[in-house]
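*Asks:* Pasting a structure here, questions to come.
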Amino acid sequence: MFYLLLKHVLLGPLLRLLFRPRTEGLEHVPETGAAIVAGNHLSFSDHFLMPAVLRRRITFLAKQEYFTGPGLKGRLTAAFFRSAGQIPVDRSGKEAGQAAIREGLRVLARGELLGIYPEGTRSPDGRLYKGKVGVAVMALKAGVPVVPCAMVGTFEIQPPGKVVPRIRRVTIRFGEPLDFSRFAGMENEKAVVRAVTDEIMYRVLALSGQEYVDEYAATVKASGTDGANGTDGAGGAAPPEAPGRARGLRGVLARRRHRD
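Numbering (my numbering), first residue to last: 1 to 260.
Next comes the structure, spelled out in structure tokens:
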């Protein structure tokens with residue numbers, strides 16, 4: 001109930017008035033049934049702008065820190081995120097990835113939209129970073145399509161460290177749904193989930209026009225570097241090849257045929 005109040009009365013109309021988001025490809029988001037919307041993550045504002053333009057409710061897996069802050073501000077933030085339908089996920093420890101997958105699969109099992117940022121964290125510099133494979137595991141286990149999404153301009157309105165966003169127009173693009181049913185039952189094959197993840201990131205890249213960095217954003221943040229050690233010698237890595245790492249996939253499929 002509170003989600004609908006936020007979307008249609010309290011927050012959604014205000015966001016649409018201030019940022020006047022352009023939407024492209026909204027027809028690609030399924031009107032019914034479970035699906036994953038996988039997008040780039042440039043700004044804290046992404047959490048609110050994407051849901052504001054979607055016709056359907058979407059649930060995001062949010063970092064647990066949003067729900068555990070101290071004091072009155074922390075309690076209010078936690079209450080807001082819970083009321084908005086966001087699910088806390090502990091991103092620390094060995095079980096963090098599995099916990100996120102379990103929560104995501106519960107959302108998909110209810111036939112809902114699940115929002116995921118495959119990069120795992122906000123981009124530190126506006127570039128697109130390597131995707132984590134959890135999105136592929138969920139898509140294959142649940143047997144659902146993945147809709148690539150690109151937020152364009154949200155880094156400029158609210159880069160890391162900026163609390164109050166600048167008022168500028170942003171664009172939100174949705175691509176055609178990606179069907180990975182040909183890999184059903186192969187969610188435990190490392191080469192497959194890596195290739196599926198790379199294909200998703202390639203489609204996001206095509207929509208966003210960002211520079212691609214073949215490193216995890218969290219690793220770059222932890223090391224204090226800017227991710228400019230890519231493979232093209234020009235500050236960023238070459239984009240992942242679509243539909244993924246073909247040689248690895250051929251090996252997996254050949255082994256599978258041999259077993260069958």
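Even glycine gets a Cβ: it sits at the ideal position worked out from N, Cα and C.
For clarity, every value in this text was computed on a predicted model and none was experimentally measured.
Using a Cβ-Cβ cut-off of 8 angstroms, state whether residue 141 counts as contacting chain B.
*Replies:* Of the chains in the structure shown, none is chain B; there is only one protein chain.
*Asks:* Measuring alpha carbon to alpha carbon, tell me which of 199, 172, 183 ends up nearest residue 19.
*Replies:* Answer by Cα proximity: 172.
*Asks:* Rounded to the nearest angstrom, what separates residue 44 and residue 213 at their Cα positions?
*Replies:* 21 angstroms
*Asks:* Mind listing, in chain order, the continuous alpha helix (DSSP H) runs of no fewer than 4 residues lying wholly within the segment 101-189?
*Replies:* Correct list: 134-142, 154-157.
*Asks:* Going by beta-carbon coordinates alone, are residue 86 and residue 59 separated by less than 8 angstroms?
*Replies:* yes
*Asks:* Which same chain residues end up closer than 7 angstroms to residue 107 when comparing Cβ atoms and leaving out the 5 residues on each side of it in sequence?
*Replies:* Sequence-distant partners of residue 107 (beyond 5 residues in either direction) whose C-beta falls short of 7 angstroms from its own C-beta, in its chain, are 59, 114.
*Asks:* Verify whether the separation of the beta carbon atoms of residue 204 and residue 38 is less than 8 angstroms.
*Replies:* yes
*Asks:* Starting from residue 222, trace the alpha helix (DSSP H) both ways and give me its first and last residue.
*Replies:* 217-223
*Asks:* What residue range does the alpha helix (DSSP H) around residue 19 cover?
*Replies:* Element bounds for residue 19: 12-19.
*Asks:* From 178, 36, 200, pick the residue whose C-alpha is nearest to that of residue 110; which is it?
*Replies:* 36
*Asks:* Residue 28 and residue 147 - do their beta-carbons sit closer together than 8 angstroms?
*Replies:* yes
*Asks:* On the criterion of 16 or more Cβ atoms from any shown chain inside 10 Å, does residue 157 qualify as buried, or is it exposed?
*Replies:* By the Cβ-count criterion, residue 157 is buried, with 16 or more other Cβ atoms from all chains shown falling within 10 Å of its own Cβ.
*Asks:* Report the residue from 16, 112, 11 whose alpha carbon sits nearest the alpha carbon of residue 170.
*Replies:* 16
*Asks:* Please list, in chain order, all residues of the same chain as residue 155 whose beta carbon is under 6 angstroms from its beta carbon, the five residues on each side excluded.
*Replies:* 42, 43, 126
*Asks:* Opposite residue 22 in the DSSP bridges: which residues?
*Replies:* 171.
*Asks:* Please state whether the Cβ-Cβ distance between residue 119 and residue 188 is less than 8 angstroms.
*Replies:* The answer is no: Cβ separation not under 8 angstroms.
*Asks:* My understanding is that residue 184 touches residue 140, with C-beta atoms under 8 angstroms, so please give their C-beta distance in whole angstroms.
*Replies:* Right, the Cβ-Cβ distance comes to about 7 angstroms (below 8 angstroms), so this counts as a contact.
*Asks:* Residue 221 and residue 88: beta carbons closer than 8 angstroms?
*Replies:* no
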